[in-house]
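Numbering (the working numbering), first residue to last: 5 to 98. Virtual Cβ for every residue (Gly too), placed ideally from N, Cα, C. Quick caveat, the model's predicted, so the values are computed rather than measured. Data block below; observations after.
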Amino acid sequence: MNKFYCTMCTVECAPIKKKDRPKNVPLCDECRNKVLSIYTKLVMESFISLSKEDLLKIKGIGEETANSFVEFFKDKNNKQMLIDLYNSGVRIIN
Ligand SMILES: [Zn+2]
């Protein structure tokens with residue numbers, strides 16, 4: 005059986021499932037968590053910076069929701085609150 009090595013730190017790691025190849029690269033748990041953390045942060049930062057026009061392109065978001073969202077994040081304190089929550093370890097899980 006083939007051995008898999010983490011792409012980032014080169015330690016041996018669990019094999020990636022055949023169905024996930026080749027789009028996924030092998031990562032150890034520690035590096036996977038680092039990547040997920042960076043990814044989540046980028047998604048969160050992009051999310052709070054969405055414009056009304058961007059929001060209206062999302063299925064299920066109408067004029068009223070888009071306006072409320074934009075109004076809420078216009079306030080720098082609200083933006084900062086979300087960033088602070090993120091930095092203290094709070095995660096939104098689907
Ligand atoms: Zn690693």
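query	result
Is DSSP giving C32 helix, strand or coil here?	coil
So is A70 buried or exposed if we call it buried at 16+ other beta carbons inside 10 Å?	buried
Check whether the Cβ atoms of I52 and K83 sit closer than 9 Å, and answer yes or no.	yes
Buried or exposed for P30, going by 16 or more other Cβ atoms inside 10 Å?	buried
Using 8 Å as the Cβ pair cut-off and three pairs as the minimum, do the stretch 47 to 62 and the stretch 72 to 79 touch?	yes
Please name the residue or residues paired with C17 in a DSSP beta bridge.	F8
Any residue with its C-beta under 6 Å from a non-hydrogen atom of ligand 1 counts. Can you list them all in chain order?	C10, M12, C13, V15, L31, C32, E34, C35
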